[in-house]
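Numbering (my numbering), first residue to last: 38 to 111.
Even for Gly, the Cβ is constructed at its ideal location relative to N, Cα and C.
Predicted model only: the values in this text are computed from it and were never measured.
Report on the following structure.
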């Protein structure tokens, strides 16, 4: 059975995309945490969660982050 020379290249492209996506997600979460109006200690805890749990941390922040309320509609 011969090996497909394109398969390793496809894996490299996929994994490179995953790494880029992960870095973008981490940067977005850290910027969002820094811009939030939370207490500095709470921001530090969230930053540690995001950095120590690189996939789960930003997803948790996305779910639990304080939402901006738009009071101009009332």
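Applying the criterion that 16 or more other CB atoms from any shown protein chain within 10 Å of the CB defines a buried residue, is residue i buried or exposed?
i: residue 51; result: exposed
i: residue 77; result: exposed
i: residue 134; result: Examination of residue 134 is not possible in this model, given that the chain is present from 38 through 111 alone.
Considering just the uninterrupted stretch of the alpha helix (DSSP H) at residue i, what are its terminal residues?
i: residue 94; result: 93-101
i: residue 77; result: 77-89
Whole-angstrom Cβ separation of residue i and residue j, contact assumed at under 8 Å?
i: residue 73; j: residue 103; result: 6 Å
i: residue 84; j: residue 67; result: 6 Å
i: residue 91; j: residue 58; result: Incorrect: roughly 11 Å between the Cβ atoms, too far for contact.
Compare the C-alpha of residue i against each of the options and name the closest.
i: residue 60; options: 100, 48, 97, 87; result: 87
i: residue 79; options: 54, 105, 58, 101; result: 101
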